[in-house]
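These notes concern the structure reproduced below.
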Amino acid sequence: MIKLFVSDIDGTLLDSNKNIKKSDIEAIVAMNESGIEFCLASGRMYSEIINIMNQIGGNYHAVCQNGASIYDKNGKLIAARVFNNTIIKSIITSVLLLFPELVTITCTSSDNYVIEYNNEAIRVGERFLTPLKENRELLEDIEKGSNITKLSIYGNVIALQKLLNYLNERFGDNITAFFSDPDGIDIMPRNVDKGSGIAILINSIGIFPDELACVGDSFNDLAMFNCTPNSFVMNKSHPELKQSAKFTVMSVAEAIKTAITL
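Every letter in the sequence shown is one number past the one before it in our numbering, and letter 241, counting from 1, is 255.
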């Protein structure tokens, strides 16, 4: 029997206009009222996920920033994981030097920063639910001990693939990096991903992997699929992802309809 249902946000629950289908909201609320708990798992910060919870109505568990921080349904922080400051400073410096055309967003648990808030940063910033902040002293702040949870980089796909290859070659022992959007990659501390975040959550609330179901649409959901035999992928997802999940669905509501029968 399923006791926890986990949903990705962007491209799964949230459409390109940042809206949630009424049918998905109704399915989530009805499921939760029946006693099955709900969790949102995303690359977004907790403050952004709170906005999604408000759209749905209710308080739910959250795996934030691809597993960097995990909160229970009461808003209690269960775990938080951050980069080694020397490593993340070296990564940011390398990206800015070798790929200056890409938009590099440095994330803490509460804010998303760019070193220069230019036109490209403004364009990329439109997809976030909270505004980007400019911090020209970002590298200095990292040296002083600022805790960095995630790095998100956006731009040309070919350049991003080259960057991904470079990062894995030079920093692969210390990071996990993957495409999280068609035009964006996320860089996380090693072994920090949605899957490890969900593992922390279910251990905390006493749920077994076979009592978990999840739905997602992107490569940052792959680790989540590996957490449970009850995985759902959105129909529009990459073929490789479709092979990694047990079920293919058109909506979160459809995934919930099947999950509650498992």
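Each residue gets a CB set at the ideal place from its N, CA and C atoms; glycine is no exception. Just so it is clear, the structure is predicted and the values come from calculations on it, not from any experiment.
- By the CB criterion at 8 Å, ILE219 and ASP125 fall outside the cutoff.
- Assignment of LEU146 by DSSP, reduced to helix, strand and coil, places it in the coil class.
- Restricting attention to ALA135, PHE192, ASN205 and ASN161, the CA atom closest to the CA of GLN175 is found in PHE192.
- Non-local C-beta neighbours of ASN46 in its own chain, meaning closer than 7 Å and more than five positions away in sequence, comprise PHE52 and GLY72, ordered along the chain.
- Annotation for ASP200: no alpha helix (DSSP H) segment contains it, though the beta strand (DSSP E) segment containing it runs 198-203.
- SER210 carries a helical assignment under DSSP once its states are collapsed to helix, strand and coil.
- Cβ neighbours of ASN149 within its own chain (closer than 6 Å, five residues either side excluded): TYR127.
- For LEU177 against VAL117, the beta-carbon gap comes to about 12 Å, at or over 8 Å, which does not count as contact.
- Pairwise C-beta distances place the region 28-44 out of contact with the region 150-165, as fewer than three of them are shorter than 8 Å.
- DSSP links ILE167 through a beta bridge to THR118 and ILE199.
- Counting only residues of its own chain and dropping the five nearest sequence neighbours on each side, ALA237 has a CB closer than 6 Å to the CB of ASP207, LYS208 and GLY209.
- The shortest C-alpha to C-alpha distance from TYR168 to any of THR190, ASN179 and ASP200 is the one to ASP200.
- By the CB criterion at 8 Å, ILE102 and CYS78 fall outside the cutoff.
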